[in-house]
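Under UniProt numbering, the first residue of the sequence shown carries the number 1, and numbering increases by one thereafter. See structure below.
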Amino acid sequence: MDLLALYQSHLANFPDIIHIQKGALTKVNESRQHVEEGKMEVQKADGIQDHCNTISFTTLAEIHHFHQI
1 MDLLALYQSH LANFPDIIHI QKGALTKVNE SRQHVEEGKM EVQKADGIQD HCNTISFTTL
61 AEIHHFHQI
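In structure tokens:
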């Protein structure tokens, strides 16, 4: 029964997680455009990409871990 409650809580939070992921990808695309326009340094855009990758990998790790339970 505890596993079912855990599963329900994960599902309840998943739309928020997807929203955060989508926002991070939008920021990456915006930063790439700013680099092309000369409004942002490449290093800063790379930092935004790294942050987005961290969010993506963390989300995938949580999904993978949950499927192993």
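We put the CB at the ideal spot given by N, CA and C, even for glycine.
When C-beta atoms of the segment 24-35 are compared with those of the segment 6-16, fewer than three pairs fall below 8 Å, so the two segments do not count as touching. Taking the Cα positions, ILE20 is about 19 Å away from HIS64. By the neighbour-count criterion, in which a residue is buried when 16 or more other Cβ atoms sit within 10 angstroms of its Cβ, ILE69 is exposed. When DSSP assignments are scanned along the UniProt domain "Sorting nexin protein WASP-binding" (1-68), the uninterrupted stretches of alpha helix (DSSP H) that are 4 or more residues long and fall wholly within it turn out to be 2-37 and 42-68.
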